[in-house]
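Just below is one structure, and these are the notes that go with it.
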Amino acid sequence: MIDLRRLLESRLFTAFAALDPDADPVLRPSDRADFQANGALALAKRLGRKPREVAEEVCSHLDLEGICSLVEVSGPGFINLFLDPQFLAAELARAATEGLGVPPEGSPLRVVVDYSHPNVAKEMHVGHLRTTIIGDALCRILTYCGHEVIRENHIGDWGTPFGMLIEHLLDIGESEAAQELSVGDLTSFYRQARISFDADEEFKERSRRRVVLLQSGDEETLRLWRVLVAESVGYFNEVYRKLGVTLTDSDIVGESFYNADLPPLVEELRQKRLLVESDGALCVFPPGFVARDEAPLPLIVQKSDGGFGYAATDLAAIRDRVGRLKADLILYVVGAPQEQHLAMCFAVAKMAGWLDDGVIADHVAFGSVLGADHKMLKTRAGESIKLVSLLDEAILRAQAALAERSSDLGEQERAAVARAIGIGAVKYADLSTERTRDYVFDWDRMLAFEGNTGPYLQYAHARICSIFRRSGAARPAAREARLDTPQERELAVALLGLPEAIRATVRDRSPNRLCAYLFEVATIFTTFYEQCPVLRAESEERREDRLLLCSLTAAVLATGLGLLGIEAPERM
Ligand code: ARG
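If you use the working numbering, the sequence shown corresponds to residues 1313 to 1884, in order.
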């Protein structure tokens, strides 16, 4: 569909460029018009001229023929833009025929998205919830814009804890262990292993030997390791299914994937003279990273015992994503606490020439999920909350909320809708927060049918579907609707704002931009629906015009929610 905002921006740029090629038109939504351009003010200051005069001159270069019905200079030098209703109607008709597709800005990119990345034999916690939800929404949105998306689930599947995990698996028996892991008793499995490790010298010694066997590629040890990985991944998949995310087994590129790359990687760093030995460990000191005492900070590539750490795998991953996958953009959807680690990895990758100016690596950081006490979300016993129990509770609460509303849903549909509402509520509460901010996990707020919530948007969508269902009215064919009332006009302009909302989401890498847009559309639709009779419109013609606005609103809401990974049931 047309990107209204981009169209206006490009016309304005051209007009401003007649006065100054670097001028920014500063296009904004407006209370008095459909849009306003405020750029003449700053430009006048720079040119030492009167702002109104500059605005007038810009307008004389401005070609908005067939797009705007009126362009006027107001106040100190704002340029007010009034869109031509016929233009709006034609673009809506086009969206109705051609669909809501959004072309990419510039040429399509190959984007690697590193997200979810839980750890084998460890429970997924709310931090994993955030990366999984945000990452998945970004993947869907980037794909929608025509980019090529490669999902990488960089699971934690390697490292010294696997010695003790394998020994624990042997102690309790393979089938027992598989059972515990597959049903998601990951915490107790890990904890038991840890307890034995700390309490039992003999177990500790066995675990150490097991690590050596694992690293040297012993077949039987690898087989046991694979059991741990497979059972955990099976469990992760169950969580993904419940959550409705798009990750599959083929997206798993765990830390172990890079094992063979690590020795040559260290060798390459050595040849490039980037390695420094520090306390027996091999490190790189990227410039600009210092500790509190101003001492330069090392990125430890190989530990003094010869083992490779988290940093080495991350370096190997960058090298692989650029070298083998030919990524143009790499997004790391990882919690804010890892900011310095990733920044150092990116810096070292640049020093080594694995990352150059042609590739962007970006940390898509996110804040924490807090409990009502504004501390990290925990159970009452102070333990971290199991992700599945959280999701199950969401569904139960949605069932209860649904039961309170009279509805004619059959039992099966009701269960499906409760699932959509519960999971949607959790996802939306997360995605609608600017991602770097912490947010308070609040059941009542996220499940409310009013306010900026998932259920509110789902309900707005279902309500429109019910207009068609109740009246038996067919979804209207594309037509050039008359937009006589201010509410119709406002809704039309809002609907054509989808591409801009998607662009802003990609630009900020924060789905809250799309959420805010959808909430705005739903709110504007409510006013329209209150003020403009649809089924009882004054004429058959007007009824069809308004039904078209209804059906496009439903399409925008369903598409937007879909891009966030949230279902939009037709009945609620
Ligand atoms: N597995 C890690 C964790 O659960 C996160 C990995 C993040 N991704 C990365 N490329 N470092 O904390």
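For each residue, glycine too, the CB sits at the ideal point set by N, CA and C.
All values reported here derive from a predicted model rather than from experimental measurement.
(message) Which residue wins for smallest C-alpha separation from ALA1659, given the options ASP1820, THR1625, PRO1599?
(response) Minimum Cα distance to ALA1659 is reached at PRO1599.
(request) Compute every distance between the C-beta of LEU1654 and the non-hydrogen atoms of ligand 1, then say whether any falls below 8 Å. (result) LEU1654: yes, Cβ under 8 Å from ligand 1.
(request) Determine the closest residue to SER1342 out of LEU1393, LEU1376, GLU1853, with distance taken between C-alpha atoms. (result) Of all alpha-carbon atoms in LEU1393, LEU1376, GLU1853, the one lying nearest the alpha-carbon of SER1342 is that of LEU1393.
(message) Give the list of continuous beta strand (DSSP E) stretches no shorter than 3 residues that lie fully inside the segment 1574–1619.
(response) Fully enclosed beta strand (DSSP E) runs of 3 or longer: 1588–1590, 1593–1596, 1611–1614.
(request) Would you tell me roughly how many angstroms separate the C-alpha atoms of ARG1717 and TYR1841, rounded to the nearest one? (result) A direct Cα-to-Cα measurement between ARG1717 and TYR1841 gives close to 21 Å.
(message) Quick check: the Cα distance between ILE1776 and ARG1747, rounded to an integer number of angstroms?
(response) Roughly 30 Å between the two C-alpha positions.
(message) In the DSSP assignment, the alpha helix (DSSP H) including VAL1551 goes from what residue to what residue?
(response) Membership of VAL1551 in the alpha helix (DSSP H) is indicated by the continuous run 1531–1555.
(message) Out of ALA1741, SER1719, ARG1815, which one is the CA nearest neighbour of ALA1774?
(response) The option with the nearest alpha carbon to ALA1774 is SER1719.
(message) Three Cβ pairs or more, each shorter than 8 Å: is that satisfied between the segment 1721–1729 and the segment 1670–1679?
(response) Not touching, per the Cβ criterion.
(message) Using a Cβ-Cβ cutoff of less than 8 Å, which residues in the same chain neighbour GLU1762 once the five nearest sequence positions on both sides are dropped?
(response) The beta carbon of GLU1762 sits closer than 8 Å to the beta carbons of TYR1768 from its chain, once the five residues preceding and following it are set aside; these are given in chain order.
(request) List the whole-angstrom C-beta distance separating ALA1793 from LEU1860, where the pair is believed to meet the contact cut-off of C-beta under 8 Å. (result) Correct: roughly 5 Å between the Cβ atoms.
(message) Can you tell me whether SER1696 is helix, strand or coil according to DSSP?
(response) In this structure, SER1696 counts as strand in the three-state DSSP scheme.
(request) Pick out the complete alpha helix (DSSP H) segments inside the segment 1704–1780, 4 residues or longer, and give them in chain order. (result) Taking only runs of at least 4 residues, the alpha helix (DSSP H) segments lying wholly in the segment 1704–1780 are 1723–1743, 1755–1758.
(message) Beta-carbon within less than 8 Å of ARG1787's beta-carbon, same chain only, minus the 5 sequence neighbours each way: which residues are those?
(response) Cβ contact annotation for ARG1787 (same chain, cutoff 8 Å, sequence separation greater than five): PHE1780, LEU1859, SER1863, in chain order.
(request) Could you work out which residue in TYR1771, GLY1468, LEU1324 is closest to ILE1564 when comparing CA atoms only? (result) Of the candidates TYR1771, GLY1468, LEU1324, GLY1468 places its Cα closest to the Cα of ILE1564.
(request) Report the residue from LYS1690, GLY1619, TYR1644, ASP1626 whose alpha carbon sits nearest the alpha carbon of ASP1448. (result) Nearest of LYS1690, GLY1619, TYR1644, ASP1626 to ASP1448, Cα basis: TYR1644.
(message) Using CA atoms only, rank isn't needed, just tell me which of ALA1710, ALA1813, SER1616 is closest to GLU1738.
(response) Per the sequence shown, the amino acid found at residue 1738 is Val instead of Glu. Distance from the Cα of VAL1738 is smallest, within the candidate group ALA1710, ALA1813, SER1616, for ALA1710.
(request) Can you tell me which of the three DSSP states MET1688 falls into? (result) Three-state result, MET1688: strand.
(request) Take the Cβ of THR1691 as the centre, count every other Cβ of all protein chains shown within 10 Å, and call the residue buried at 16 or more, exposed below. (result) Result: exposed.
(request) Drop a sphere of 10 angstroms on the beta-carbon of ILE1314, count the other beta-carbons inside from all chains shown, and report buried for 16 or more, exposed for fewer. (result) Under this definition ILE1314 is a buried residue.
(request) Please classify THR1839: is it buried, with 16 or more other beta-carbons within 10 angstroms of its beta-carbon, or exposed? (result) Residue burial annotation: THR1839 is exposed, with fewer than 16 other C-beta atoms found within 10 angstroms of its C-beta.
(message) Helix, strand or coil for ARG1344? Go by DSSP, reduced to three states.
(response) Coil, per DSSP.
(message) Determine whether the beta carbon atoms of GLY1378 and ALA1352 lie at a separation below 9 Å.
(response) In this structure, GLY1378 lies away from ALA1352, with their beta-carbon atoms at least 9 Å apart.
(request) Starting from the Cα of ARG1883, find the closest Cα among CYS1657, GLY1592, ASP1426, GLY1722 and give me that residue. (result) When each option's Cα is compared against that of ARG1883, the closest is GLY1722.
(request) Output the residue ranges of the alpha helix (DSSP H) runs that lie fully inside the segment 1462–1532 and measure 4 residues or longer, sorted by chain position. (result) Runs found: 1473–1484, 1486–1494, 1498–1511, 1513–1527.
(message) The beta strand (DSSP E) that contains GLY1647, what's its start and end?
(response) Start and end: 1641–1647.
(request) Can you tell me the Cβ-Cβ gap for VAL1383 and LEU1331, rounded? I've got them flagged as a contact below 8 Å. (result) Incorrect: roughly 16 Å between the Cβ atoms, too far for contact.
(message) Any heavy atom of ligand 1 inside 8 Å of the beta-carbon of ASP1563?
(response) No - ligand 1 has no heavy atom lying nearer than 8 Å to the Cβ of ASP1563.
(message) Tell me whether HIS1459, by its Cβ, gets closer than 8 Å to a heavy atom of ligand 1.
(response) Distances between the C-beta of HIS1459 and the heavy atoms of ligand 1 are all 8 Å or more.
(request) State the DSSP-derived secondary structure class of ALA1790, mapped to helix, strand or coil. (result) Here ALA1790 sits in coil by DSSP.
(request) Note the first and the last residue of the continuous beta strand (DSSP E) segment covering ALA1677. (result) From DSSP, the beta strand (DSSP E) with ALA1677 extends over 1672–1678.
(message) Taking 8 Å as the cut-off, is the beta-carbon of ASN1431 closer than that to any non-hydrogen atom of ligand 1?
(response) Answer for ASN1431: yes, Cβ within range of ligand 1.
(message) For the segment 1626–1642 against the segment 1423–1434, do three or more pairs of beta-carbon atoms, one drawn from each stretch, fall closer than 8 Å, so that the two count as touching?
(response) Because the criterion of three Cβ pairs below 8 Å is met, the segment 1626–1642 and the segment 1423–1434 touch.
(message) Which runs of the alpha helix (DSSP H) at least 4 residues long sit entirely within the segment 1351–1376? Give them in chain order.
(response) Complete alpha helix (DSSP H) runs here, min 4: 1351–1359, 1363–1373.
(message) Is VAL1646 a contact residue of ligand 1, with contact defined as CB to any heavy atom under 8 Å?
(response) It does: the Cβ of VAL1646 is within 8 Å (strictly closer) of some heavy atom of ligand 1.
(request) Compute the Euclidean distance between the alpha carbons of ALA1356 and GLU1800, then round it to the nearest angstrom. (result) Their Cα atoms are separated by approximately 36 Å.
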